[in-house]
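Heads up: the sequence lines are chains V and P, in that order. What the first sequence shows, in my numbering, is residues 656 to 841, in sequence order. What the second sequence shows, in my numbering, is residues 172 to 336, in sequence order. Reviewing the structure listed below.
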Amino acid sequence: MLEFLSRPWPWYVAGPLIGLMVPLLLLVGNRMFGISSNFRHACAAVLPSRAEFFRYDWRGAGGWNLAFALGVLIGGFIAGTLLTSPEPIAIAEATRADLSGLGVTDFSGMVPAELFSWSAILSFQGLVMLGAGGFLVGFGTAYAGGCTSGHGVAGLAAFELPSLIAVVGFFIGGLVSTYLLLPLIL
Amino acid sequence: MRPVSTTSSSPAAASNTPGYQSAPAGPGSLLVFLLLGTIFGVLLIKSEVVSWFRIQEMFRFQGIHMYGILGSAVAVAALSLFVIRRFSLRSFGGETIRVPRKELGRGYRYIFGGTTFGLGWALTGACPGPILALVGYGIGPFVFVLGAALLGTWTYGHLRPRLPH
Chain V
656 MLEFLSRPWP
666 WYVAGPLIGL
676 MVPLLLLVGN
686 RMFGISSNFR
696 HACAAVLPSR
706 AEFFRYDWRG
716 AGGWNLAFAL
726 GVLIGGFIAG
736 TLLTSPEPIA
746 IAEATRADLS
756 GLGVTDFSGM
766 VPAELFSWSA
776 ILSFQGLVML
786 GAGGFLVGFG
796 TAYAGGCTSG
806 HGVAGLAAFE
816 LPSLIAVVGF
826 FIGGLVSTYL
836 LLPLIL
Chain P
172 MRPVSTTSSS
182 PAAASNTPGY
192 QSAPAGPGSL
202 LVFLLLGTIF
212 GVLLIKSEVV
222 SWFRIQEMFR
232 FQGIHMYGIL
242 GSAVAVAALS
252 LFVIRRFSLR
262 SFGGETIRVP
272 RKELGRGYRY
282 IFGGTTFGLG
292 WALTGACPGP
302 ILALVGYGIG
312 PFVFVLGAAL
322 LGTWTYGHLR
332 PRLPH
């Protein structure tokens with residue numbers, strides 16, 4: 656059983672299960688699926704601020720979401736200890752060739768080890784990819800009011816025009832980073 | 172602290188932040204949310220959507236994997252929402268389920284914010300859920316990414332009055 660679960664889950668199994676998060680959260684507690692609001696709740700809870708954006712009852716509004724986020728962390732830990740797969744990520748040959756062209760050599764892990772290591776943070780490459788990249792994720796999701804979960808899954812499923820616009824934005828930004836920034840950085 | 176509601180007149184209040192319409196969650200339901208989050212975390216890892224390699228494959232339009240996941244997730248979620256609305260289902264707590272609408276406004280926040288996030292998504296290979304899942308998975312440097320993301324949200328909170336929405 657554990658061995659079976661340890662294999663990578665095909666998209667047609669994992670995708671629908673991710674989609675089920677939306678009705679489950681609504682049924683359990685009338686909450687709309689989303690993750691990025693937790694950055695806001697965490698800021699409101701921890702960082703003292705005079706900005707109006709962070710002055711609200713984060714426990715009442717975000718307590719459930721922070722519990723959900725803590726669960727995501729625990730889930731990552733469980734998958735990383737009990738359910739690891741020894742196989743490299745089976746990406747397309749074309750992607751592998753493109754990334755090799757950019758100088759990526761280690762395809763064995765979940766993420767490229769040479770780019771996502773502690774020592775990489777001290778390099779220009781790592782600082783831009785991890786530091787600036789993380790900053791843009793936090794800034795952008797707060798600005799857009801959602802991420803891949805809230806806009807990409809829940810918002811699109813509810814036929815929200817704002818979410819469709821946001822997802823178009825995700826791809827504009829992603830393509831700019833992929834084709835213009837990454838070749839400059841790597 | 173002032174109470175937050177979706178009818179607040181201030182744009183800086185809780186608009187577009189899900190979860191504001193209900194009473195705070197009690198300890199029992201917090202455990203349920205924790206459990207659901209745990210399942211979601213396992214799903215994020217085992218589906219490989221946390222992988223920088225998969226995100227690159229997606230943005231290069233070279234594989235179906237990510238599109239299959241997002242597409243089937245949206246389809247299942249949309250079908251579920253249709254059923255919930257069609258039969259006016261109630262939550263386990265007895266409340267009528269309400270799906271909050273997002274305000275379009277002029278729409279600037281969605282295109283500018285979405286593009287900003289997309290830039291970071293392709294660099295880190297991780298959206299907010301995967302950042303947390305990867306920290307749990309044991310890829311230490313994602314603690315740094317998480318810190319940077321919190322700084323990003325904090326910065327947005329302070330610049331918000333000056334940004335077009």
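Glycine included, every Cβ here is placed at the ideal spot set by N, Cα and C. All figures in this text were calculated on a predicted structure; none of them were measured in a lab.
Shown here, THR267 of chain P sits in a strand according to DSSP, grouped into three states. Annotation: SER763 of chain V has no Cβ neighbours in chain P at a cutoff of 8 Å; minimum Cβ distance is about 10 Å. VAL822 of chain V is a Cβ neighbour of LEU811 of chain V, given a cutoff of 8 Å. The beta carbons of CYS802 of chain V and GLY328 of chain P sit no closer together than 8 Å. Non-local C-beta neighbours of GLY296 of chain P in its own chain, meaning closer than 6 Å and more than five positions away in sequence, comprise TRP223 and ILE226, ordered along the chain. At least 8 Å separates the CB of PHE659 of chain V from every CB of chain P. Inside the stretch 762-807 of chain V, DSSP marks no whole beta strand (DSSP E) run of 3 or more residues. The three-state reading of DSSP puts ARG333 of chain P in helix, counting H, G and I together. By the CB criterion at 8 Å, LYS273 of chain P and PRO741 of chain V fall outside the cutoff. Not flagged as an interface residue toward chain V: PHE258 of chain P, since no C-beta distance is shorter than 8 Å.
Interface residue (Cβ-Cβ distance to chain P less than 8 Å): PRO663 of chain V is classified as such. Just measuring C-alpha positions, the residue of P:GLY318, P:GLU266, P:ARG277 and P:GLU228 sitting nearest ALA752 of chain V is P:GLU228. The DSSP assignment places 713-736 as complete runs of the alpha helix (DSSP H) inside the stretch 711-750 of chain V, in order along the chain (cut-off: 4 residues).
Those residues of the stretch 303-316 of chain P placed with their C-beta closer than 8 Å to a C-beta in chain V are LEU303, ALA304, LEU305, VAL306, GLY307, TYR308, GLY309, ILE310, GLY311, PRO312, PHE313, PHE315 and VAL316, ordered along the chain.
LEU214 of chain P and ILE673 of chain V have their alpha carbons spaced roughly 7 Å apart.
Beta-bridge partners of ARG261 of chain P (DSSP): P:THR267. For PHE283 of chain P, the enclosing alpha helix (DSSP H) covers residues 279-295.
Using a CB distance cut-off of 8 Å, GLY199 of chain P does not count as an interface residue toward chain V. Flagged as an interface residue toward chain P: SER832 of chain V, by a C-beta distance shorter than 8 Å. Taking all protein chains in view, the Cβ of MET687 of chain V is crowded by 16 or more other Cβ atoms within 10 Å, so the residue is classified as buried. A direct Cα-Cα distance of roughly 19 Å separates GLY234 of chain P from VAL759 of chain V.
Here TRP292 of chain P has ILE226 and CYS298 as same chain residues with Cβ atoms under 8 Å from its own Cβ, once five neighbours each way along the sequence are excluded. Non-local C-beta neighbours of ALA722 of chain V in its own chain, meaning closer than 8 Å and more than five positions away in sequence, are absent.
LEU681 of chain V has a beta carbon lying within less than 8 Å of a beta carbon in chain P. Along the stretch 276-288 of chain P, the positions whose C-beta sits under 7 Å from a C-beta of chain V are GLY278, ARG280, TYR281, ILE282, PHE283, GLY284, GLY285, THR286, THR287 and PHE288, read in chain order. About 15 Å separates the Cβ atoms of LEU252 of chain P and VAL683 of chain V, ruling out a contact at the 8 Å cut-off.
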